[in-house]
Ligand code: MSP
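Right, dumping it as structure tokens:
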């Protein structure tokens with residue numbers, strides 16, 4: 001099928017800008033990036049929209065806590081999202097922020113249009129009920145206490161006159177939509193959940209708020225701002241240039257006219273109701289004069305959660321892993337490959353750094369990386385750096401190089417069965433490896449009479465490498481581009497048509513590039529330590545500036561201090577401006593004098609020491625990243641300054657209950673412990 005020039009419009013949810021992204025939030029964006037890259041290789045013109053959700057109470061409150069304005073908070077955080085997407089090689093084409101004026105105009109126009117073309121759809125009514133400020137969900141329409149169905153926290157009581165959307169009137173129309181577009185929600189079992197929800201009856205929905213200031217003003221009634229979900233969902237339109245949606249509008253961009261409606265809204269499973277019930281109903285009310293196909297998204301695709309110790313990874317639970325340290329330690333492709341290969345798309349998946357490094361070493365370093373460096377080095381050494389002559393592929397490779405092989409992989413990508421696609425692709429890596437092991441080109445090379453066989457073996461290995469690179473490119477874009485160049489292939493691998501890929505495309509006689517390793521083997525212990533140190537830098541409240549894409553800074557100066565030392569201006573991540581805090585913020589930190597009772601090394605951790613510190617009324621276990629600067633025996637009896645009201649954290653399976661203060665000296669940030677020149681009792685307050 002010729003897909004050339006067909007359009008494909010894909011969106012991620014827009015992320016709450018109240019905090020920085022973690023691996024869970026990166027997951028949705030990486031999955032969409034894989035789809036976007038794959039679709040481009042299928043010949044589609046792709047619009048890939050992502051962005052940040054910047055209004056609402058949770059933003060207001062997060063800003064208040066930090067003592068900054070909501071505008072400053074979202075400005076800062078949206079940049080962290082953009083930096084991370086850059087680091088992860090995300091090929092989005094459009095980024096929308098809900099605080100942009102173009103977005104506010106779009107939201108107001110969509111409501112104005114709705115009021116005009118569906119006069120009964122929006123009305124004023126008194127609202128009294130429970131509302132979750134974290135998930136922006138109306139939890140119940142009665143004043144009785146209730147917990148949020150998504151996060152489980154108690155919902156707040158709200159009582160005010162609001163604008164309502166008459167959702168109940170859309171029940172039949174929605175059910176008809178699900179009938180007409182049976183794959184409107186995917187996976188199927190989610191479609192069934194949505195249908196049952198709608199069949200059980202719909203309640204009208206409050207779409208404005210009076211008590212909140214941080215939002216888009218309601219047109220003509222500035223006492224109200226928009227309910228954040230009405231605001232946020234409209235970003236799927238404003239983000240690509242929707243302005244008024246009028247017939248032959250001169251204001252809507254050509255891009256909007258070309259790409260809207262979206263082919264896929266990719267979302268996490270917890271926000272299905274907003275996308276599969278509210279959003280289509282809002283659109284039906286706004287465009288009753290249009291054909292469904294002109295405005296209704298093609299599909300709402302729900303994925304599962306990344307779990308950390310069986311719970312959803314989320315900032316509020318404090319069980320998050322961050323993407324930046326992983327990328328800086330192992331490269332962008334490592335995280336992308338692990339998430340796509342390990343998590344069965346659509347289901348929940350456990351996240352573990354240990355498993356990530358194991359997967360990296362097995363499939364990337366020992367698998368593809370090894371195949372690539374062996375093959376290219378042998379072509380360099382035995383064939384003068386030129387791709388040898390092609391002869392018929394031997395029978396044991398035939399099956400994997402048949403059309404069925406490519407079709408199966410494309411089919412898996414089309415169905416978003418990424419793990420399956422990767423398993424099949426890596427099947428080819430394994431077969432090529434086995435073939436090399438059987439034929440032993442290093443032995444063949446010693447006998448000139450075996451030259452034809454040697455050429456064939458190396459051709460097969462190199463061609464397998466080319467094929468694998470093209471097929472795996474959507475998932476591991478960086479390494480595959482490098483292998484592509486090392487195979488002497490011109491241009492960008494992303495421009496190769498995945499539909500036209502077939503065995504034999506590698507031209508004999510091609511001069512290969514300089515063979516260079518793409519996935520160096522990772523020492524598990526060292527890598528884990530490196531990642532944990534960088535994670536601690538991110539979590540450490542002393543490090544005001546976020547991790548950015550300055551990879552060299554972090555990897556070349558891996559900080560020597562561990563979790564239990566406040567980051568200082570020498571910390572690689574504590575670069576830019578450190579915000580001033582008031583005395584009331586400082587007063588939140590409890591500092592005390594402590595006396596070290598015992599100190600010991602932790603097996604497997606080079607930098608950490610386990611200390612027992614007497615703080616007057618108790619003896620605390622504290623882990624400190626000072627092992628490279630202090631011998632345990634020199635610390636016993638020493639007076640230290642300890643932060644005593646820091647939430648306990650686990651490192652290397654051990655709990656740390658406090659943090660020692662130290663100066664960070666020199667470019668390596670050598671820790672020098674704070675102490676007292678005069679005598680102080682254990683437990684004395686430090687102010
Ligand atoms: N702002 C709303 C979306 C509005 S879209 C019009 C929102 N934001 S969010 O930041 O909370 O979540 C954004 C996406 O990140 C969701 O798809 C969510 O499922 C995903 N993830 C957040 N934590 C996650 C995991 N632990 N695992 C997988 N995805 C998760 O909802």
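Residue numbers (the numbering used here): 1 to 687. For every residue, glycine included, the Cβ atom is placed at its ideal position computed from N, Cα and C.
(request) Would you check whether ligand 1 has a heavy atom nearer than 7 Å to the C-beta of residue 232? (result) Yes; taking the cut-off as 7 Å, the Cβ of residue 232 has a heavy atom of ligand 1 nearer than that.
(message) So within the segment 4-53, which uninterrupted alpha helix (DSSP H) runs reach at least 4 residues, ignoring any that extend past its ends?
(response) With a minimum length of 4 residues, the continuous alpha helix (DSSP H) runs that stay inside the segment 4-53 are 23-41.
(message) Please identify the residue among 62, 182, 6 and 516 whose C-alpha is closest to the C-alpha of residue 47.
(response) Comparing Cα positions, the closest option is 6.
(request) Label residue 682 either buried or exposed according to how many other C-beta atoms from any shown protein chain fall within 10 Å of its C-beta, with 16 as the threshold for buried. (result) So residue 682 counts as buried.
(request) May I ask whether a heavy atom of ligand 1 can be found less than 7 Å away from the beta carbon of residue 48? (result) Because no heavy atom of ligand 1 lies under 7 Å away, the Cβ of residue 48 does not count as near it: no.
(message) On a Cα-Cα basis, can you pick out the residue from 247, 458 and 607 that is closest to residue 629?
(response) Comparing Cα positions, the closest option is 607.
(message) Less than 7 Å separating the Cβ of residue 13 from some heavy atom of ligand 1?
(response) If you check the C-beta of residue 13 against ligand 1, you find a heavy atom less than 7 Å away.
(request) Quick one: using the 10 Å Cβ neighbour count with 16 as the cut-off for buried, is residue 215 buried or exposed? (result) It counts as buried.
(request) Tell whether a beta-carbon distance below 8 Å holds between residue 656 and residue 622. (result) A distance below 8 Å separates the beta carbons of residue 656 and residue 622.
(message) Does the segment 448-462 come into contact with the segment 367-382, if we say contact requires no fewer than three beta-carbon pairs (one atom in each stretch) closer than 8 Å?
(response) Taking a cut-off of 8 Å on C-beta distances, the segment 448-462 touches the segment 367-382, as three or more cross pairs fall below it.
(message) With a threshold of 7 Å (Cβ to nearest heavy atom), would residue 306 be considered close to ligand 3?
(response) Although ligand 3 was asked about, the structure shown includes only ligand 1 as ligands.
(message) Please list the terminal residues of the continuous alpha helix (DSSP H) segment that includes residue 671.
(response) Counted as a single uninterrupted DSSP element, the stretch harbouring residue 671 is not any alpha helix (DSSP H) but the beta strand (DSSP E) occupying residues 670-673.
(request) Report buried or exposed for residue 97, applying the criterion of at least 16 other Cβ atoms within 10 angstroms of its Cβ. (result) Sixteen is the threshold: when 16 or more other Cβ atoms of the shown chains lie within 10 Å of the Cβ of residue 97, as they do, the residue is buried.
(message) DSSP has residue 311 in a bridge; who is on the other side?
(response) In DSSP, residue 311 forms a bridge with 308.
(request) Report yes if the C-beta of residue 94 is less than 7 Å from at least one heavy atom of ligand 1; otherwise report no. (result) Checking the Cβ of residue 94 against ligand 1 gives no.
(request) Output the distance between the C-alpha atoms of residue 331 and residue 246, rounded to the nearest integer angstrom. (result) Here the alpha carbons of residue 246 and residue 331 stand approximately 46 Å from one another.
(message) Just to confirm my understanding: we take residue 462, look at its own chain, exclude 5 residues before and 5 after, and list those with CB closer than 7 Å. What are they?
(response) Cβ within range, chain order: 375, 379, 387, 487 and 506.
(request) Give the straight-line distance between the Cα atoms of residue 12 and residue 161, rounded to the nearest whole angstrom. (result) Approximately 33 Å between the Cα atoms of the pair.
(request) Please find out if some non-hydrogen atom of ligand 1 comes closer than 7 Å to the beta-carbon of residue 25. (result) Inclusion of residue 25 in the 7 Å shell around ligand 1 follows from its C-beta lying nearer than that to a non-hydrogen atom of the ligand.
(request) Entirely within the segment 608-679 and at least 4 residues each: give me those alpha helix (DSSP H) ranges in chain order. (result) Annotation note: the segment 608-679 contains the following uninterrupted alpha helix (DSSP H) runs of length 4 or greater, listed N- to C-terminal: 632-635.
(message) Just to check my reading of the structure: residue 409 and residue 454 have Cβ atoms closer than 8 Å, yes? What is that Cβ distance to the nearest angstrom?
(response) Between residue 454 and residue 409 the Cβ distance is about 29 Å, and since that is not below 8 Å, they are no contact.
(request) Have a look at residue 228 and residue 54 and give me their C-alpha separation to the nearest angstrom. (result) Roughly 9 Å separates the two Cα atoms.
(message) Which residue wins for smallest C-alpha separation from residue 141, given the options 134, 158 and 149?
(response) If you compare the alpha carbons of 134, 158 and 149 with that of residue 141, the shortest gap goes to 158.
(message) Quick check on the DSSP output: the beta strand (DSSP E) that includes residue 224 runs from which residue to which?
(response) Going by DSSP, residue 224 is part of the beta strand (DSSP E) stretching over 221-226.
(request) Apply the 10 Å Cβ neighbour rule to residue 540 and answer buried if 16 or more other Cβ atoms are within range, or exposed otherwise. (result) Taking a 10 Å sphere around the C-beta of residue 540, we find 16 or more other C-beta atoms and assign the residue as buried.
(message) Applying the 10 Å Cβ sphere with the 16-neighbour rule, what's the burial state of residue 128?
(response) Residue 128 should be labelled exposed.
(request) Return helix, strand or coil for residue 267, following the three-state DSSP convention. (result) Secondary structure of residue 267 (DSSP, three-state): strand.
(request) Compute the Euclidean distance between the alpha carbons of residue 68 and residue 527, then round it to the nearest angstrom. (result) One C-alpha to the other measures close to 36 Å.
(request) Identify, in the order they occur along the chain, each residue of the same chain with its Cβ nearer than 7 Å to the Cβ of residue 252, setting aside the five sequence neighbours on each side. (result) Excluding sequence positions up to five before and after residue 252, its CB lies within less than 7 Å of the CB of 241, 242, 243, 244 and 245, all in the same chain and listed in chain order.
(request) Starting from the Cα of residue 524, find the closest Cα among 661, 355, 649 and 499 and give me that residue. (result) The residue with the shortest Cα to Cα distance from residue 524 is 355.
(request) Please determine, among 168, 636, 276 and 17, the residue with the shortest C-alpha to C-alpha distance to residue 299. (result) Of 168, 636, 276 and 17, the residue nearest in Cα terms is 276.
(message) Alpha carbons only, please: which of 117, 284 and 123 is nearest the one belonging to residue 170?
(response) Cα-wise, what sits closest to residue 170 is 284.
(request) For the segment 354-392, list the alpha helix (DSSP H) runs that are entirely contained and at least 4 residues long, ordered along the chain. (result) Counting only runs of 4 or more, we get 370-382.
(request) Could you tell me the distance, in whole angstroms, from the CA atom of residue 73 to the CA atom of residue 17? (result) Whole-angstrom Cα-Cα distance: 8 Å.
(request) Could you tell me if residue 182 is buried or exposed, where buried requires 16 or more neighbouring beta carbons within 10 angstroms of its beta carbon? (result) With fewer than 16 Cβ atoms within 10 Å of its Cβ, residue 182 is classed as exposed.
(request) Hey, could you find the ends of the beta strand (DSSP E) residue 591 is sitting in? (result) In the DSSP assignment, residue 591 falls within the beta strand (DSSP E) that extends over 591-602.
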